[in-house]
Amino acid sequence: MDLAAIWLTLKLAGISTLLLMLLATPLSWALSRWNSRFKAVVQAIVALPLVLPPTVLGFYLLLAFAPDSPIGAAWLAVTGERLAFTFEALVLGSVIYSFPFAVQPLYAGFAQLHPDYLHTARMLNLPWYVRLRCVVLPALKPSLLIAAGLSFAHTIGEFGVVLMIGGNIPGETRVVSIALFDQVESLNYAGAHKLAAILLVFSLVLLMALYWLQGKRRLKWNVM
Amino acid sequence: MLWFCSVALAVAEENPPLSIAVAANFAVPLKTLLVEFAAQTNIKSRVTVSSSGALYAQIEHGAPYDLFLSADSKRPQALISSGKVSAARVKTYAVGRLALVGEVRQLSDPRWRDPALRIAIAEPEVAPYGRAAKQLLQKQGLWQTLSKRLIRGSNIQQTLQFWQTGNVDVAMIAASQCVSYALTCYSLPADYQPIVQQLAILGGGQNAGAAAQLAEFLQSDAVQQQLLALGYAPLADISATGKH
C-alpha cells in the first residue's frame, strides 16, 4: 500500500482547495456583480481548464516553470529554487486546473444572492464583517461547500497535469493517480486494482455527500 | 450504382495496412526503416507510438496490432506467459544503450553529489532505460544519494522532454534519442543489464505474413548495421551472454 502517495494526494487536494476558495470567492462575487461586454471573455478564460486536455495544460506549465521563462525565473529569484517537479508546482498546477470547479458553483450562489438582503443589512448600519458573517456566508454556505468539495475531488483525480509537471518523485510529487499509472505500466495489476478501489470509493463517497447536500438545499448547480 | 458497388468491394478486399505498435525510443528509427521496407516489399504500415506498458495492456485486451516492438523483453515474454503469442513469435530486434545529455559529461564528475544539480531518469519500475539508469547509478555508488531527488519521467521520451524544456540540468536518456533528435550526448559505461528490446508478432489475420516479414527485415544484417549508427548496441552483445 502506497501510504506516502495517499497522504501526499490528500495534502495536495487540501492545500489547493484552501487556495482555490480564497481566490475564487472574491472573483466569483465580483463576476456576479459585473456587467460588461468583456464579462464573457473573463468567463471563458476561467472555464478554459475544462476543455484543454490536461497534458497540454501540463506541458505549457512545464514550459512556464522553466528557469528561462518569466514565471520560472521569478520563482527562482524569490525562493532560490526551481519550480518544476516540486510540491509547490503541483499546488499551482492544481489551482489552475480546478479553478472552474471552484468558480462556477460560487458564481451561481452569488448570482442568486438577492441584492435586497445586502441593502437591508447596510441600512441597518451593520458593519461589513457582520454583514459578511450573518448575511452573505449563511446564504452562500451550500455553494461554498459544493465549490470546496468539487475542487477537492477534482484535484484528487488529477492526472495529466501532474504527470507533466510532477517528475514522479516519491513523497514529493508522486500522488495516487501517478502511483496507480506506474503500477499499471509495470504490469503490477493487483497493486493497481487496490489503489484504484481506494480512489473510487473515496471519490464516490465524496460525490455522494455533495449530491446529497445539493438535493437537501435544492440549490441550482451545474458542474459544467 | 453497380459500378460504385464493385469499386467499393475492390477497396474492401485490399489488405489493411500493417499495424505496428512501437515503444517511444524506437519510433524515429522505425520511421526511417519503414521507408526502406515499403520500397522493398510494397507493404504499407500504420504506426502507433506509446509506452511499452500501455501498448502491452492494450494488446492483452485485444488491440488489433500486427506487430509489437517493445522497449524491453519483459512485456513480450509476458505475452508468451499469458498465451497471447507463441515463444517462436517473440524475437530480439535491438539492444538499447544509455547516454547522457546536459551539463555534466561523465559519472565521475563531483557535481553529481551537488544537491542543486537536477537530474532526470526514466522511472525505473516502469521504463527499461530507467531500470538501466538505476543499475548504473548503483554501480557508481550514487544511487543512495540521488534516489530521493531524481526526477522521473514516465517514459524515456518524457525524460528527454524534461531536459529539452530546461527544467533539469542533466538527463539519462536512450542513445537512440541522441541520434533521432541530433543532440550532443556523452556516452556512459555499459554497467547495467543489457536493454534487450524484443518484438512480438501478433494476430493470425491477413497481416501475419507481412508482420513476420518486417520482423525478419529488422533482424537482417543490413538493418542491424544501421541500428549501430542509430544508437543501438550490436545484437551479438547479448547472444554471447545468453537469454535475458
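Chains A and B, in that order, give the protein sequences. The first sequence begins at 1460 in the numbering used here and counts up by one. The second sequence begins at 8 in the numbering used here and counts up by one. All C-beta atoms, glycine included, are put in the ideal place defined by N, C-alpha and C.
- Query: Can you tell me where the alpha helix (DSSP H) with ALA215(B) in it begins and where it stops?
  - Reply: From DSSP, the alpha helix (DSSP H) with ALA215(B) extends over 215–226.
- Could you tell me whether any Cβ in chain A is nearer than 8 Å to the Cβ of PHE75(B)? For PHE75(B), the answer is no, since every Cβ of chain A falls outside 8 Å of its Cβ.
- Task: Determine whether the Cβ of GLU110(B) lies closer than 8 Å to any Cβ atom of chain A.
- Result: At a cut-off of 8 Å between C-beta atoms, GLU110(B) does not count as an interface residue with respect to chain A.
- Query: Since TYR193(B) contacts ALA106(B) with CB under 8 Å, what's their CB separation in whole angstroms?
  - Reply: Between the beta-carbon of TYR193(B) and that of ALA106(B) there is about 7 Å, and that keeps the pair under the 8 Å contact cut.
- CB contact below 8 Å: LEU242(B) versus chain A: No - not a single Cβ of chain A is within 8 Å of the one on LEU242(B).
- Simplified DSSP assignment, three categories, for LEU1462(A): For LEU1462(A), the secondary structure class from DSSP, reduced to helix, strand or coil, is helix.
- Message: Considering only the alpha carbon of each residue, which of ALA1567(A), LEU1516(A), ASP1527(A) lies closest to GLN1502(A)?
- Response: Checking every option, the nearest Cα to that of GLN1502(A) belongs to ALA1567(A).
- Every unbroken alpha helix (DSSP H) inside the stretch 76–139 of chain B [4 residues or more]: You should have 81–88.
- Query: DSSP puts ILE158(B) in a beta bridge; with which residues?
  - Reply: ILE158(B) has ALA127(B) as its beta-bridge partners, per DSSP.
- Task: Under the assumption that LEU37(B) contacts LEU86(B) (Cβ atoms under 8 Å), give the Cβ distance between them as a whole number of angstroms.
- Result: LEU37(B) to LEU86(B), Cβ: 19 Å. No contact.
- Query: With a cut-off of 8 Å, does the C-beta of LEU1658(A) fall near any C-beta of chain B?
  - Reply: Chain B, which has no Cβ nearer than 8 Å to the Cβ of LEU1658(A), makes this no.
- Item | Between the CA atoms of ILE126(B) and VAL1620(A) - distance to the nearest angstrom | So the alpha carbons of these two residues sit roughly 20 Å apart.
- Message: I need the straight-line Cα distance from GLN1673(A) to PRO1601(A), nearest angstrom please.
- Response: Each residue's CA atom was taken as its position, placing GLN1673(A) and PRO1601(A) some 7 Å apart.
- Message: Restricting to runs no shorter than 4 residues, where is the alpha helix (DSSP H) found entirely within the stretch 1515–1541 of chain A?
- Response: Whole alpha helix (DSSP H) segments, 4+ residues: 1529–1538.
- Task: Give the DSSP-derived three-state secondary structure of TRP1680(A) in the structure shown.
- Result: Here TRP1680(A) scores only 47 on pLDDT, less than 50, and its place in the model is too uncertain to base an answer on.
- Message: Tell me which residues share the same chain as LEU1654(A) and place their Cβ nearer than 7 Å to its Cβ, disregarding the 5 neighbours each side in the sequence.
- Response: Close CB contacts of LEU1654(A) within its chain, under the 7 Å cut and outside five residues either way in sequence, are with ASP1461, VAL1635, ALA1638, LEU1639, GLN1642 (chain order).
- Query: Looking at the structure shown, is THR1632(A) part of a helix, part of a strand, or coil, going by DSSP?
  - Reply: Here THR1632(A) sits in coil by DSSP.
- Query: Where does TYR239(B) fall in DSSP's three states?
  - Reply: DSSP places TYR239(B) within a strand segment (E or B) once states are collapsed to three.
- Item | ASN22(B) at chain A interface by Cβ criterion, 8 Å | For ASN22(B), no Cβ of chain A is located within less than 8 Å of the residue's own Cβ.
- Any C-beta of chain B under 8 Å from that of LEU1516(A): No, its Cβ sits nowhere closer than 8 Å to a Cβ of chain B.
- Message: As a quick exercise: from GLY210(B), ASN214(B), LEU234(B), pick the residue whose alpha carbon is nearest that of HIS68(B).
- Response: Out of GLY210(B), ASN214(B), LEU234(B), GLY210(B) has the C-alpha closest to the C-alpha of HIS68(B).
- Identify whether ILE1657(A) lies in helix, strand or coil by the three-state DSSP scheme. It is helical.
- Query: In whole angstroms, what separates the C-alpha of TRP1488(A) from that of LEU1471(A)?
  - Reply: Each residue's alpha carbon lies about 26 Å from the other.
- Query: Is the CB of ASN1494(A) under 8 Å away from at least one CB in chain B?
  - Reply: No - not a single Cβ of chain B is within 8 Å of the one on ASN1494(A).
- Starting from ARG1496(A), follow the beta strand (DSSP E) in both directions and report where the run begins and ends. Following the DSSP letters along the chain, one finds ARG1496(A) in no beta strand (DSSP E), marked with neither H nor E.
- Item | Outcome for GLY1473(A) when other beta-carbon atoms lying within 10 angstroms are tallied against a minimum of 16 | The residue in question, GLY1473(A), is exposed, as its Cβ has fewer than 16 Cβ neighbours within 10 Å.
- Task: Could you check what DSSP says for TYR1576(A) in three-state terms: helix, strand or coil?
- Result: Reduced to three states, the DSSP call for TYR1576(A) is helix.
- Does the ligand NAP have even one heavy atom less than 7 Å from the beta-carbon of GLN1571(A)? As for the ligand NAP, it is missing from this structure, which has no ligand bound.
- Message: Please list, in chain order, the chain D residues whose beta carbon lies closer than 9 Å to that of PHE169(B).
- Response: Among the protein chains of the structure shown, namely A and B, there is no chain D.
- Message: Looking only at its chain, what residues have a beta carbon closer than 8 Å to the beta carbon of LEU74(B), apart from the 5 residues adjacent to it on each side?
- Response: These residues qualify, in order along the chain: LEU25, SER26, ILE27, ALA28, LEU206, ALA207, ILE208, LEU209, ALA218, LEU221, ALA222.
- Query: To the nearest angstrom, how far is it from the Cα of MET179(B) to the Cα of SER187(B)?
  - Reply: So the two alpha carbons sit approximately 15 Å from each other.
- Using the beta-carbon of each residue, which ones in chain B are nearer than 9 Å to VAL1634(A)? Here the premise fails: no neighbours, minimum Cβ distance about 13 Å.
- Excluding the five sequence neighbours on either side, which residues of its own chain have a C-beta within less than 6 Å of the C-beta of LEU9(B), listed in chain order? Its pLDDT being 48, under 50, LEU9(B) is placed unreliably by the model, and the measurement read from it follows with that caveat. The answer is none, since no qualifying residue turns up.
- Measuring only between beta-carbons, confirm whether ALA30(B) sits less than 8 Å from chain A. When Cβ-Cβ separations below 8 Å define contact, ALA30(B) makes no contact with chain A.
- Cβ neighbour criterion (16 or more within 10 Å) applied to HIS1613(A): By the beta-carbon neighbour count (other beta carbons within 10 angstroms, threshold 16), HIS1613(A) is buried.
- Can you tell which of LEU149(B), VAL175(B), SER227(B) has the C-alpha that lies nearest to the C-alpha of GLY160(B)? Measuring C-alpha to C-alpha distances from GLY160(B) to each of LEU149(B), VAL175(B), SER227(B) identifies VAL175(B) as the nearest.
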